[in-house]
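Counting along the first sequence from 1, when you hit position 783 you're at 917 in my numbering, and nothing is skipped either side. Working notes, beginning with the structure itself.
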Amino acid sequence: MLSVIGTHRIVYDPSWSQLRGGTLIISMNYDHQKIEAKWQKRWDEDRVFNVTEDPSKPKFYNVAMYPYPSGDLHMGHLRNYSYIDLITRYKIMQGYNVLGPMGWDSFGLPAENRAIENGISPRISVEEQIVRMKEHFRLFGAAFDWDRELASHDPHFYHWDQWLFLELFDRGLAYKEFAPVNWCPKDNTVLANEQVVDGACERCGTTVEKRDLNQWFFKITDYADRLLDDLDQLDEWPDRVRTMQRNWIGRSEGARFEIEVQGGAHRFEVFTTRPDTIFGMTFCVLAPEHPLVEALISGKDTEREVQDYVTAARRATDIERMAEGEKTGMFTGAYALNPVNDQLVPIYVAEYVLMGYGTGAIMGVPGQDQRDWDFATKYGLEIIRTVDAPRDWEGEAYLGDGTTINSGFLNGLDQTSAKQVIIEWLEEKGIGEGAIQYRLRDWLISRQRYWGCPIPIVECDECGVVPVPREQLPVELPDVEDYAPEGRSPLAAVPEFVNTVCPSCEGPARRETDTMDTFVDSSWYFFRYTDAHNDHAIFDPAKASYWMPIDQYIGGVEHAILHLLYARFITKFLFDIGLSSVTEPFARLFTQGMLVLAGGKMSKSKGNVVAPDDYYRAYGADAIRLFELFVGPPTDDAVWNDSGVAGTKRFLDRVWRMGTIGHPYLDRVADSRDHELLSETHRALKRVTEDVDRFHFNTTVSSLMSLANVFQDYLGDQPRAETFKEAYRLMLLMLSPMAPHIAHELWERTGHDSMLALEPWPEWDADLVTHDTVVMVVQVNGKVRDRVEVPVDIAADEAERIALGLEKVQGWIDGAQVRNVIARPPNVINFVVE
RNA sequence: GCCCGGGUGGCGGAAUGCAGACGCGAGGGGCUUAAACCCCCUUGAGCCGUUUCGGCUCGUGUGGGUUCGAAUCCCACCCCGGGCACCA
């Protein structure tokens, strides 16, 4: 590997003083495998990243969303960990007490599916994969505090899932209700949405049905207002995520009122955000699932047809119903009475109305609602305008403001007043009221699955639903022989698990056999990191209050809604019961882009993952880390490029050679070249610091590369050892959080005894960063015509004088009248001529 | 259908008053017996003049607009990616 040019052979020379005057040139790349293993061992042995609460230092809690242990860390994963690791190391250097923990989201569908296929226990396969992933993290040089490692399938962890469930249950925030699930009649099993493809079971292709099961919910809707209002204080979250959560919660104000069906036998309730348009109601629509549908169509001519329509609509998922291009519906044959004027309007059933939102029934106001307009147009229904639209408005609903018309006692009012008047009217008549409606629904946590946390509930014929007493926790997940769900959770087939004693009456009873949604685990695991081995409590509030909130949380944007909303909900709940000192868990959120290859997201299921093993061998962890940082803006998707890692390795090799190979140093007095080298180094330091702070990691790497180019030039032209030593020292400090192994090795070899990871992050020298002169751009009519070097503090009139004196500028002005001069000294000056 | 992003060289990208930093790839040269490594040079398109350096025009998806000045701000359209629960 080592080739020597010239007659001498040196391997490494750690002493700078001995380099002075040396003239050896050797071509050599560093032995990354050896060096990386060495420093990984050192960090581990010295417990560099293991921390405890230390009130004397500012704390920094830095968390990456804990991964599902899929077995291998591929290049897509490593992008994320390059960011989190850089931040941990950078914040340590800035003097923070930094906690960077890691754990495993180890319950869930993939391990269970594997078990169904090959019969291997999910516990065994998951634990094997955790071992492999930990090894990958070690090779990567990850700065985690492994003392706090946790895994959601560990009874020491899910014990507290169950405890949390009971706390929610005690306060009426966990309840049981019937809800539909996807059901494959052939496989006799419940399917996740993901397993339903085009309305059919992904395994056998059988058309999927809906089945109602009695299931557990968490009452997140009780927290809707707080979840919405507190978004305003999350000013270090991406706006896009806040907007998505705001829309997801979907608070809307309006009115709810009853409508009577002709004949007086039935009534149904509708919710509307536009009660002011009630005189424009020309039809009503019920959701296909609406309980009244059957009664309304019973005995009508079209009963059979409507029933078929309802069956088809119920089969479709909400997304399919929404994606349907044209709105379809069926007339029920029944009519409703508009409460304000007793007009009869037809009642339809249509799939664009969803049972899960509002009351599952709407008043159709085609004049003021575009969906209603489309529906009315298609079925030839009457359209009445109740808001005075602009004169030439036609062909679509008018959603804007205007004077209320065709509306009896509401005529002449604006929308705000009309809403107020009609709500008062409805309340007076006792048929309705002002109402606030949320899109957010309660959180369904029941899963008819084996590989999850058992729900700590016992059902007793005498006592009904009985919570398992806390001293009997955890309810442990038993081993089973068959992982395939046969109609129920596989747990239902384990008599030793199911059959138990009622904690209340001590009679025979049965355990709940559903398990919890894995989002329950992930909604509080970050509290557990602060006190990971506590077997007496979910965590010590004092420890949690030291570390919380998380100062930096990093993960994929795909979690923008569900995980982040559930975690916010549970944090607020923990605050309410006195365990959390904060109401929001994540002070700053960063959502990173995906690493894509051949047009698709890198994922195991697509078969386009790039495994890092060969890259570790050929280039090493530092080169991989630098490439992951360099590949593109962290928020954007990035494209994997095989030769990119070779590029960052080349850069590291250059830095290595600069520090370990003798150069023809001159023993001379510092001059302008030395000043320039230090200036460039400090400018790079400023750029790197600022870019790390604003998460522009790709440009921090370019800045270091540019600096290395400056070093290269300097070394080629009578370098001075003392000057270069100082510049190089700063280079290593900057490199430390990004390419830590090589930086540490070079730090040691250049004569430092200290642990680089614990060195303070350097500060730039303001005098060195400031330029005395800059190049001013001179434009004529907005086109760059010349450049001239000027003092940074040049005045506008002086800049104009100098610019006008330039020969080229005179040529372009060519005697014409200078109409205007826009001077932005010292950067640009623009002459506007005729 | 709705919402949110995004379109810059052969490629990833940089740039908020100089378009193309940095890197990849490609081409040329040096070193070498040779190759690899390494080092140096060139690399948006078109054109002009020279003669080894200089200059001009065009150019950031398309078409408009605002401005002394637009990749950047505004409007319309096209394309790509992501999200979605037709939210009454």
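Glycine residues also receive a C-beta, built at the ideal position from the N, C-alpha and C atoms. Predicted model only: the values in this text are computed from it and were never measured.
Local Cβ density within 10 Å of residue i, reported as buried at 16 or more and exposed below that
i      : result
Gly155 : Low confidence applies to Gly155: its pLDDT is 33, below 50, so where it sits in the model is not reliable enough to give any reading.
Ile556 : buried
Asp808 : buried
Phe413 : buried
His905 : exposed
Lys175 : exposed
Asn214 : buried
Val803 : exposed
Asn775 : exposed
Arg399 : Note that residue 399 is Ala in the sequence shown, not Arg. It is exposed - the Cβ of Ala399 has fewer than 16 other Cβ atoms within 10 Å.
Glu439 : exposed
Glu968 : exposed
Cys639 : exposed
Gly534 : exposed
Ile258 : exposed
Ile711 : exposed
Gln318 : It is worth fixing the name first, because residue 318 is Cys in this sequence and not Gln. Classification of Cys318: buried, given that the 10 Å Cβ count is 16 or more.
Straight-line gap, residue i to residue j (C-alpha atoms, nearest Å)
i      : j      : result
Ile591 : Glu646 : 5 Å
Ala929 : Gly766 : 39 Å
Met792 : Arg817 : 20 Å
Val330 : Asn247 : 15 Å
Thr725 : Ile218 : 12 Å
Gln549 : Val955 : 52 Å
His697 : Pro925 : 54 Å
Tyr513 : Pro642 : 59 Å
Pro203 : Val260 : 7 Å
Asp747 : Gly490 : 48 Å
Gly536 : Lys553 : 13 Å
Ala421 : Lys461 : 13 Å
Trp173 : Ser216 : 17 Å
Val133 : Tyr469 : With the chain represented from 135 up to 968, any question about residue 133 goes unanswered, as that position is not in the structure.
Ser255 : Val602 : 26 Å
Leu560 : Val614 : 58 Å
Tyr146 : Ser777 : Residue placement at Tyr146 is poorly supported in this model, since its pLDDT is 30, which falls under 50; the coordinates are not used for a value here.
Gly210 : Val185 : 28 Å
Asp178 : Thr907 : 49 Å
Ala249 : Thr407 : 49 Å
Pro425 : Arg449 : 16 Å
Ile695 : Leu325 : 22 Å
Whole-number beta carbon distance between residue j and residue i, since they are thought to touch under 8 Å
i       : j      : result
Val487  : Ile496 : 6 Å
Val599  : Lys310 : 7 Å
Thr857  : Leu811 : 6 Å
Pro372  : Leu880 : Pro372 to Leu880, Cβ: 37 Å. No contact.
Asp1043 : Ala678 : Summary: the structure shown does not reach residue 1043, with the chain confined to residues 135 through 968, and so no result is reported for it.
Tyr230  : Pro192 : 5 Å
Ile383  : Leu361 : 6 Å
Pro719  : Phe660 : 6 Å
Pro612  : Glu596 : With 8 Å as the limit, Pro612 and Glu596 do not qualify as a contact, their Cβ atoms being about 25 Å apart.
Asp304  : Leu233 : The pair is not a contact, with the Cβ atoms about 31 Å apart (cut-off 8 Å).
Gln263  : Cys587 : Actually they do not touch by this definition, with Cβ atoms about 19 Å apart.
Val922  : Trp946 : Not a contact, Cβ separation roughly 14 Å.
| query | On the three-pair Cβ rule with 8 Å, is the region 275-288 touching the region 239-257? | reply | yes
| said: Three or more C-beta pairs under 8 Å: does that hold for the region 295-313 against the region 601-617? | reply: yes
| Quick one: complete alpha helix (DSSP H) runs, 4+ long, within the region 680-722? | 696-710
| What alpha helix (DSSP H) runs, 4 residues minimum, are completely inside the region 545-594? | 549-563
| Where are the beta strand (DSSP E) runs, 3 residues long or more, that stay fully inside the region 905-940, in chain order? | 907-914, 917-925
| task | Please determine if the region 514-531 and the region 375-388 are in contact, where contact requires at least 3 C-beta pairs separated by less than 8 Å. | result | no
| field | Secondary structure, alpha helix (DSSP H): runs of 4+ residues fully inside the region 249-287 | value | 256-274
| message | Contact between the region 340-354 and the region 563-572 is defined here as three or more beta-carbon pairs at a separation below 8 Å; is this criterion met? | response | no
| message | So within the region 184-218, which uninterrupted beta strand (DSSP E) runs reach at least 3 residues, ignoring any that extend past its ends? | response | 193-198
| field | Three CB pairs or more closer than 8 Å across the region 832-846 and the region 776-796 | value | yes
| query | Considering only residues of the region 469-506, which uninterrupted beta strand (DSSP E) runs meet the minimum length of 3 residues and lie entirely inside it, listed in chain order? | reply | 478-484, 495-498
| request: May I have a chain-ordered list of the alpha helix (DSSP H) segments no shorter than 4 residues that lie completely inside the region 789-845? | output: 806-827
| said: Does the contact criterion of 3 or more C-beta pairs under 8 Å hold for the region 648-655 versus the region 680-689? | reply: no
| query | Would the region 891-898 and the region 818-828 be scored as touching if the rule is three or more Cβ pairs under 8 Å? | reply | yes
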